[in-house]
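Structure first, commentary second.
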Amino acid sequence: MKKQFKNWTLFFILGLVTIVLGVAASIVMMTSVSAPDTLYGMFILLWMIPVALVVIIDRILVRKFGNKRVNKIQFSILLLIVLLWILRAALNLIYS
């Protein structure tokens, strides 16, 4: 059991959560009566393709480089995104 959770990374966990929640939300929306909800459910399913590709690429990189090195890079990417988000929020406060 301990070995099973050994190779998990940030993008793998986020990807699995996104896929599960996205598929559940799209099923609920696609069984709706209105056409816009059905189309939005299909749109959510189309966005699952890049998420699945990120998870597959993550698994390949973990197999090649190990989970510690991949996790360091993924946390760096996440910190860069958070930094850019904070910078954009600060610029919105200044210029609005």
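So in the numbering used here, spot 54 of the sequence shown is number 54, and the numbers just go up one at a time.
Don't be surprised by glycine CBs; every beta carbon is placed ideally from N, CA and C.
Within this structure, are the beta carbons of residue i and residue j separated by less than 8 Å?
i: F12; j: V82; result: no
i: M48; j: V23; result: yes
i: L78; j: L10; result: yes
DSSP three-state label for residue i, please.
i: V17; result: helix
i: G41; result: helix
i: N7; result: coil
i: S96; result: coil
Note down the Cα distance separating residue i from residue j, rounded to an integer number of angstroms.
i: D37; j: L16; result: 23 Å
i: L14; j: S34; result: 30 Å
Using a Cβ-based criterion (distance less than 7 Å to any ligand heavy atom), does residue i qualify as near the ligand NAP?
i: L91; result: In the structure on display, the ligand NAP does not appear, and there are no ligands present to speak of.
Write down every uninterrupted run of the beta strand (DSSP E) in the region 25-74 whose length is 3 residues or greater and which is fully enclosed by it, in chain order.
none
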